[in-house]
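Engineer: Residue numbers (the working numbering): 26 to 383. In this text, a Cβ means the ideal position worked out from N, Cα and C, and glycines have one as well. Just dropping this structure here.
Structure representation (structure tokens):
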């Protein structure tokens, strides 16, 4: 009896030890699986980033070119103004100076038209008016005024137009106005570059977080769109139909991965151009995100397989077949849902995410 109890005790101990080792093995395997999944997500993300990098460089180089040109123009204009400014009181009477200041004020308030035909017509009209006032070099002065956003009404300039120093004074106004406009261009270009760099940094970063954060879905979508700006503006019309939606609890970097894959696929489905629509709505204690394209569509026979790992219809080297599979895994992790509806000329992915997973 004692022997039997001893045997049972030994067997029980051995069983528990084996169970504990099995548990340890499972924990190691699970940890390895989590690391592998993170690596796959990161690899998929970096692969997409590699395809984007030329467009991102273009989005940064364009503003840098604008900054360089505007800074050069400002430098030239201000140098001319600083040379001429001391003579202002000597060469212009009080009424003429007031007319000049009015011109500068109006030029800073107005925004010149970008319509070439309208500007050409306005320049002809102003040239004729200036000639009727007996102003020399009327064509050149008309060009300056139109470039400053001055319209047909130039009655306020009458005192200045009668001055022998009319062209000289209007050139000063033009240079001052150009300096302000160039400064605004620089500010916009810096802001544009900053947005692109911020989006790129946010996209490239991947943090394995233990706890979810509050996420504003509309901002999350816009961040990804910023990265794809260069590809979108070539031949794709972008439509945003964002509704005010609640913030949700989730993992920001992982959600960015979802939008990246779906938007990237939509762009690739429209090689000749089309329309990309992004919509958000509140629905059933959560947020629904719809990404719709007018591309080639998904063949009905393969639709059931698109979320399977390594399934792809792209040429070798163009896709790993993990994109949509990773999307599905991330959505499942957030206790959400994803649905697809597709036919030639129309594909729609609907992602629903709860405000707070249960």
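Just mark residue 350 as buried or exposed, buried being the case when its beta carbon has 16 or more other beta carbons within 10 Å.
Structural biologist: Here residue 350 refers to the residue found at position 325 when the chain shown is read from its first residue. So residue 350 ends up on the buried side.
Engineer: Can you have a look at residue 214 and say buried or exposed, based on whether 16 or more other CB atoms are within 10 angstroms of its CB?
Structural biologist: Taking the chain shown and counting its residues from 1, one reaches residue 214 at position 189. Classification of residue 214: buried, given that the 10 Å Cβ count is 16 or more.
Engineer: Do the stretch 156 to 165 and the stretch 115 to 132 meet, that is, are 3 or more Cβ pairs less than 8 Å apart?
Structural biologist: The stretch 156 to 165 vs the stretch 115 to 132: no contact.
Engineer: Please state if the CB of residue 185 and the CB of residue 167 are separated by a distance shorter than 8 Å.
Structural biologist: As a first step, residue 167 must be located in the chain shown, where it is residue number 142. As a first step, residue 185 must be located in the chain shown, where it is residue number 160. Against a cut-off of 8 Å, the Cβ pair of residue 185 and residue 167 comes out as no contact.
Engineer: Quick one: is residue 112 buried, meaning 16 or more other Cβ sit within 10 Å of its Cβ, or exposed?
Structural biologist: Taking the first residue of the chain shown as 1, we reach residue 112 at position 87. Looking at its Cβ environment, which holds fewer than 16 other Cβ atoms inside 10 Å, residue 112 is exposed.
Engineer: If you follow the beta strand (DSSP E) that residue 126 is part of, which residue opens it and which one closes it?
Structural biologist: The residue labelled residue 126 in the question sits at position 101 within the chain shown. Where residue 126 is concerned, there is no enclosing beta strand (DSSP E), although the alpha helix (DSSP H) it sits in stretches over 119 to 134.
Engineer: To the nearest whole angstrom, what separates the beta carbons of residue 273 and residue 242, a pair I think is in contact under 8 Å?
Structural biologist: The count along the chain shown starts at 1 and reaches residue 273 at position 248. The count along the chain shown starts at 1 and reaches residue 242 at position 217. With a Cβ gap of about 7 Å, residue 273 and residue 242 count as contacting.
Engineer: Can you tell me where the alpha helix (DSSP H) holding residue 152 begins and where it ends?
Structural biologist: As a working mapping, residue 152 is identified with position 127 in the chain shown. Note, residue 152: alpha helix (DSSP H), 141 to 157.
Engineer: How many Å lie between residue 117 and residue 199 at the Cα?
Structural biologist: Sequence index remark: in the chain shown, residue 117 carries index 92 (1-based). Sequence index remark: in the chain shown, residue 199 carries index 174 (1-based). One C-alpha to the other measures close to 16 Å.
Engineer: Is the stretch 289 to 309 in contact with the stretch 260 to 280, if contact means three or more CB pairs nearer than 8 Å?
Structural biologist: Segments in contact, yes.
Engineer: How many angstroms separate the CA atom of residue 257 from the CA atom of residue 182?
Structural biologist: For the purposes of this step, residue 257 is taken as the residue at position 232 of the chain shown. For the purposes of this step, residue 182 is taken as the residue at position 157 of the chain shown. So the alpha carbons of these two residues sit roughly 45 Å apart.
Engineer: Looking at the structure shown, is residue 162 part of a helix, part of a strand, or coil, going by DSSP?
Structural biologist: Working through the chain shown from its first residue, we reach residue 162 at position 137. In this structure, residue 162 counts as coil in the three-state DSSP scheme.
Engineer: For residue 374, which beta-bridge partners are listed by DSSP?
Structural biologist: As a working mapping, residue 374 is identified with position 349 in the chain shown. Paired residue(s): 316, 365.
Engineer: Kindly identify the DSSP beta-bridge partner or partners of residue 4.
Structural biologist: Nothing in the structure corresponds to residue 4, since the chain is present only between 26 and 383.
Engineer: Below 8 Å between beta carbons: does that hold for residue 388 and residue 174?
Structural biologist: The structure shown does not extend to residue 388, since the chain spans only 26 to 383, so no value can be given for it.
Engineer: Closest to residue 145 by CA distance: which of 134, 169, 129 is it?
Structural biologist: Position 120 of the chain shown, counted from the first residue, corresponds to residue 145. For residue 145, the nearest C-alpha among the options comes from 169.
Engineer: Residue 375 and residue 315: beta carbons closer than 8 Å?
Structural biologist: Position 350 of the chain shown, counting from 1, holds the residue named residue 375. Position 290 of the chain shown, counting from 1, holds the residue named residue 315. Yes; because the gap between Cβ atoms is below 8 Å, this pair is in contact.
Engineer: Quick one: does the C-beta of residue 153 sit closer than 7 Å to a heavy atom of the ligand ZN?
Structural biologist: As for the ligand ZN, it is missing from this structure, which has no ligand bound.
Engineer: Is DSSP giving residue 331 helix, strand or coil here?
Structural biologist: Within the chain shown, numbered from 1, the residue matching residue 331 stands at position 306. Residue 331 falls in the coil class under three-state DSSP.
Engineer: Find the nearest neighbour of residue 136 within the set 195, 203, 193, judged by alpha-carbon distance.
Structural biologist: Here residue 136 corresponds to residue number 111 of the chain shown, with the count starting at 1. Residue 136 has its Cα closest to that of 203, out of 195, 203, 193.
Engineer: Going by DSSP, which residues form a beta bridge with residue 275?
Structural biologist: As a working mapping, residue 275 is identified with position 250 in the chain shown. Paired residue(s): 238.
Engineer: Can you tell me where the alpha helix (DSSP H) holding residue 356 begins and where it ends?
Structural biologist: Your numbering for residue 356 matches position 331 in the chain shown. 348 to 358 is the span of the alpha helix (DSSP H), which, as asked, contains residue 356.
Engineer: Nearest-angstrom Cα distance between residue 342 and residue 327?
Structural biologist: Indexing the chain shown from 1 puts residue 342 at position 317. Indexing the chain shown from 1 puts residue 327 at position 302. No answer about residue 342 holds up, because its pLDDT of 41 lies below 50 and its placement is not dependable.
Engineer: Please state whether DSSP places residue 138 in a helix, a strand or coil.
Structural biologist: On the chain shown, position 113 is the one that residue 138 refers to. Coil, per DSSP.
Engineer: If you draw a straight line from the alpha carbon of residue 55 to that of residue 263, how long is it in whole angstroms?
Structural biologist: To locate residue 55, count along the chain shown from 1; it is residue 30. To locate residue 263, count along the chain shown from 1; it is residue 238. Confidence at residue 55 is low in this model, with a pLDDT of 49, below 50, so the placement of that residue is unreliable and no value is reported for it.
Engineer: Nearest-angstrom Cα distance between residue 292 and residue 353?
Structural biologist: For the purposes of this step, residue 292 is identified with residue 267 of the chain shown, where counting begins at 1. For the purposes of this step, residue 353 is identified with residue 328 of the chain shown, where counting begins at 1. Each residue's Cα considered, the two are about 20 Å apart.
Engineer: For residue 364, which residues of its own chain have a beta-carbon under 6 Å away from its beta-carbon, when the five flanking residues on both sides are left out?
Structural biologist: If you number the chain shown from 1, residue 364 lands on position 339. Taken in chain order, the residues that qualify are 375.
Engineer: Can you tell which of 357, 301, 277, 253 has its C-alpha closest to the C-alpha of residue 236?
Structural biologist: Taking the first residue of the chain shown as position 1, residue 236 is located at position 211. Ranking the options by Cα distance to residue 236, first place goes to 277.
Engineer: Could you give the distance in angstroms between the alpha-carbon of residue 93 and the alpha-carbon of residue 106?
Structural biologist: Against the chain shown, residue 93 aligns to sequence position 68. Against the chain shown, residue 106 aligns to sequence position 81. Rounded to the nearest angstrom, the two C-alpha atoms are 20 Å apart.
Engineer: Buried or exposed: residue 97, going by 16 or more other Cβ atoms within 10 Å of its Cβ?
Structural biologist: Within the chain shown, numbered from 1, the residue matching residue 97 stands at position 72. So residue 97 ends up on the exposed side.
Engineer: Tell me, please, which residues DSSP counts as bridged to residue 184.
Structural biologist: Translated into positions along the chain shown, residue 184 becomes position 159. The partner list for residue 184 (beta bridge, DSSP) is empty, contrary to what the question assumes.
Engineer: I need the DSSP call for residue 286, collapsed to helix, strand or coil.
Structural biologist: Here residue 286 corresponds to residue number 261 of the chain shown, with the count starting at 1. DSSP places residue 286 in helix when its eight states are reduced to three.
Engineer: Keeping to the same chain, check which residues put their C-beta closer than 8 Å to that of residue 205; ignore five residues upstream and five downstream.
Structural biologist: Position 180 of the chain shown, counting from 1, holds the residue named residue 205. Excluding residues within five positions, the ones whose Cβ falls inside 8 Å are 133.
Engineer: Can you name, in chain order, every residue of its own chain whose Cβ lies under 8 Å from the Cβ of residue 358, other than the five neighbours on each side?
Structural biologist: Taking the chain shown and counting its residues from 1, the one referred to as residue 358 is at position 333. Around residue 358: 276, 279.
Engineer: Quick one: Cα of residue 164 to Cα of residue 211, how far?
Structural biologist: By 1-based counting over the chain shown, the position of residue 164 is 139. By 1-based counting over the chain shown, the position of residue 211 is 186. For residue 164 and residue 211, the distance between alpha carbons rounds to 30 Å.
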